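Student: Take this structure, written in structure tokens, and hold onto it; I'll ask about it next.
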Amino acid sequence: MLYSSTRGGIDPVPFKHAVMMGLARDGGLLLPESFPEVSEQLQAWSHLSYQELAFEIIRLYTNDIPDADLKRIINRSYAAFRHDAITPVVAVGPVHMLELFHGPTLAFKDVALQFLGNLFEYILGETDNELNIVVATSGDTGSAAIHGVRGREHMRIFVLYPDGRVSPVQALQMTSVTDANVFNIALDGTFDDTQAIVKQLFNDLPFKDANKLGAVNSINWARVLAQTVYYFYAAFQTMARTGKKKVSFSVPTGNFGDIFAGTVAAAMGLPISRLVLATNENDILARFFNTGTYKTSNVVSTLSPSMDIQIASNFERWLYLYSGRNAAKLKQWMNDFNETGILTITSETEAGNLDPLLVAGRADTTQTLAAIADFYSRYNYLLDPHTAVGVTVSSKYHEPDVPMICLATAHPAKFPETIEQATGNAELARTPQIEALKGRPTHRTSLPNRVDAIAEFITEQISAQARKTRK
Ligand SMILES: *Cc1c(COP(=O)(O)O)cnc(C)c1O
């Protein structure tokens, strides 16, 4: 399989190359040149374990990794999960919950970042090269990326988070990791500041090349690919349980990475009736799919912080496919949007036809809290605030004869303050994985909100470790 850029400016590259490139060198996003059609295999695949299914799907997109190596990478990636099914599906009231939070950091990002960590290690080991990952986080991505990379050879990770602006649990999940290749940087600034600094570092090409910088956010195709697997797995479980021939999914959405993986599964032939795109008050994507116009506004802080995003990076992949893989048109759309902050693709009356698969809506703070309280009192099941947004929006699009699978993207114990607010009981949101972190030694470096200070810190740490290895 070869990968090309949405902006059309690079020669197609094979899988491993695409993974290391992350963002395409022309500024676009990488996509496979086609989506393999697998309708004929679905019946046989429906009995596979999660790891076996992951192998069958991922190998269709990689012809540069031998089967035995790919199997080993996959098995290692999911060994750290606390549930045998990796991503179990649980019937709760009117819906089926796809629990994606049984990985090391209790959020769905582990599913892809454990895989990406192993993949990086494998590729770097072949070439004896090294990679220094730099990532900005508002909470979940940082800890999942750290746990994907900690203790591995050939890799270091530098995580920038806004000091005092991530939740106490999220901070603890990052700073209690004290491996020598993990650097937590508490920045004296906001999340936007951390993102701006990371962008500046990546745009400084001499610095980027000299320090072998790498990216782990969902612009990396390997993350989307790993997430495609659980759409298949959950559909098989749910169809077997209900006897139905198709399913719908509700997806709490921020950067559009997770739901894009659902569109890939559908393109491969998985019988999906609807993909419900659910946002919080930061509803640029919900507005787009209902009006045909993509227009930014200010980011507001909500109870579901991992979805507090205005510019959804993976949306470019959807737009490119919508354009009929027309890179020239895509480029023009992106330029127009960058200049004006507005992109109109179609009229409001025709917006419903933008994508036969996608429907979209939003849930606000009151609805989110009500959904958590309601699911707890009726079904004795705790929703995290992101999942609660998806559950709320799903009810509007639930067709009578099609099972609705709601993606549970985080464990409620990551958000004890919200659980207490919704149910009146903070004790409900305790879990041994988080309790065990309390009182552990923590490590972080506080740095000022200046790109030169961050750049200097990164360079110093890399050369200090290189000196040590040489001795
Ligand atoms: C990252 C995240 C999301 C949003 O996923 P995207 O792929 O960015 O759309 C939703 N819920 C949780 C808990 C997350 O960490």
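Adding 344 to a residue's 1-based position in the sequence shown gives its number in the working numbering.
Yeah, the Cβ is synthetic: ideal placement off N, Cα and C, and Gly gets one too.
Owing to the predicted nature of the structure, the values given are computational and were not obtained by experimental measurement.
Work out the CA separation of A515 and T582 for me, nearest whole Å.
Tutor: 36 Å
Student: Can you give the Cα-Cα distance for D454 and D484, rounded to whole angstroms?
Tutor: 9 Å
Student: Touch check for the region 605–621 and the region 684–698: three-plus C-beta pairs under 8 Å?
Tutor: no
Student: Unbroken alpha helix (DSSP H) runs of length 4 or more, entirely within the region 725–810: which are they?
Tutor: Within the region 725–810, the complete alpha helix (DSSP H) segments at least 4 residues long are 729–738, 760–767, 776–779, listed from N- to C-terminus.
Student: Can you give the Cα-Cα distance for L791 and N547, rounded to whole angstroms?
Tutor: 21 Å
Student: Using a 10 Å radius around the Cβ and a threshold of 16 neighbouring Cβ atoms, would you call H787 buried or exposed?
Tutor: exposed
Student: Please classify A310 as buried or exposed, where buried requires at least 16 neighbouring CB atoms within 10 angstroms.
Tutor: Here the chain comprises residues numbered 345 to 815, so residue 310 is not present and cannot be evaluated.
Student: Rounded to whole angstroms, how far is the Cβ of F445 from the Cβ of A451, which I believe are closer than 8 Å?
Tutor: 6 Å
Student: Between the region 564–584 and the region 724–739, are three or more C-beta pairs nearer than 8 Å?
Tutor: no
Student: Is it the case that the region 531–542 contacts the region 393–411, given that we only count it when at least three CB pairs across the two stretches are under 8 Å?
Tutor: No, they do not touch.
Student: Is the Cβ-Cβ distance between L475 and K556 less than 8 Å?
Tutor: Going by C-beta atoms, L475 is nearer than 8 Å to K556.
Student: Would you decide whether K782 is buried or exposed? Buried here means 16 or more other CB atoms lie within 10 Å of its CB.
Tutor: exposed
Student: Verify the contact flag: G598, CB atom, against every heavy atom of ligand 1, threshold strictly below 7 Å.
Tutor: Correct: G598 has its Cβ closer than 7 Å to ligand 1.
Student: At the level of alpha carbons, what is the spacing between D411 and I417?
Tutor: 10 Å
Student: By the three-class DSSP mapping on this structure, what secondary structure does Y347 have?
Tutor: strand
Student: Classify A423 as buried or exposed, calling it buried when 16 or more other Cβ atoms lie within 10 Å of its own Cβ.
Tutor: exposed
Student: Is M441 near ligand 3, with its Cβ less than 7 Å from a heavy atom?
Tutor: The model on display carries ligand 1 but not ligand 3.
Student: Judging by CA-CA distance, which residue of V737, I653, L647 is the nearest neighbour of T640?
Tutor: I653
Student: When every heavy atom of ligand 1 is checked, does at least one fall within less than 7 Å of the C-beta of F659?
Tutor: no
Student: May I ask you to check if the CB of F452 is nearer than 7 Å to at least one heavy atom of ligand 1?
Tutor: F452 Cβ: within cutoff of ligand 1.
Student: If you draw a straight line from the C-alpha of V795 to the C-alpha of R500, how long is it?
Tutor: 19 Å
Student: Can G508 and L457 be called in contact, C-beta distance under 8 Å?
Tutor: no
Student: Assess contact between the region 425–436 and the region 381–389, defined as three or more Cβ pairs (one per stretch) separated by less than 8 Å. Is contact present?
Tutor: no
Student: Using the beta-carbon count (16 or more within 10 Å), is S827 buried or exposed?
Tutor: The question about residue 827 has no answer, for the chain in this structure spans 345 to 815.
Student: Is the region 624–635 touching the region 741–761, taking contact as three or more C-beta pairs under 8 Å?
Tutor: no
Student: Quick check on the burial criterion: 16 or more other C-beta atoms within 10 angstroms. Buried or exposed for E465?
Tutor: Buried is the call here.
Student: Is any heavy atom in ligand 1 found nearer than 7 Å to the beta carbon of I806?
Tutor: no
Student: What is the DSSP secondary structure of V560, counted as helix, strand or coil?
Tutor: coil
Student: Give the C-beta separation of A488 and V363 to the nearest angstrom, bearing in mind that I take them to be a contact with Cβ-Cβ under 8 Å.
Tutor: Contact check for A488 and V363: beta-carbon distance about 17 Å, past the 8 Å limit, so the pair fails to qualify.
Student: Could you tell me if the beta carbon of D484 falls within a distance shorter than 7 Å of some heavy atom in ligand 1?
Tutor: yes
Student: Mark D602 as exposed unless 16 or more other C-beta atoms lie within 10 angstroms of its C-beta, in which case mark it buried.
Tutor: Around the C-beta of D602, 16 or more other C-beta atoms lie within 10 Å, and the residue is accordingly described as buried.
Student: Which value, in whole angstroms, describes the spacing of the CA atoms of E443 and R811?
Tutor: 44 Å
Student: At which residue ranges does the region 394–464 contain complete alpha helix (DSSP H) runs of 4 or more residues, listed in the order of the chain?
Tutor: The qualifying runs are 394–403, 411–423.
Student: Classify S650 as buried or exposed, calling it buried when 16 or more other Cβ atoms lie within 10 Å of its own Cβ.
Tutor: buried
Student: With the cut-off set at 8 Å, would you say R585 and A752 are in Cβ contact?
Tutor: no
Student: Might you give, ordered along the chain, the residues of its own chain that have their beta carbon closer than 7 Å to the beta carbon of E692, omitting 5 neighbours on each side?
Tutor: Answer for E692: T635, G636, listed in chain order.
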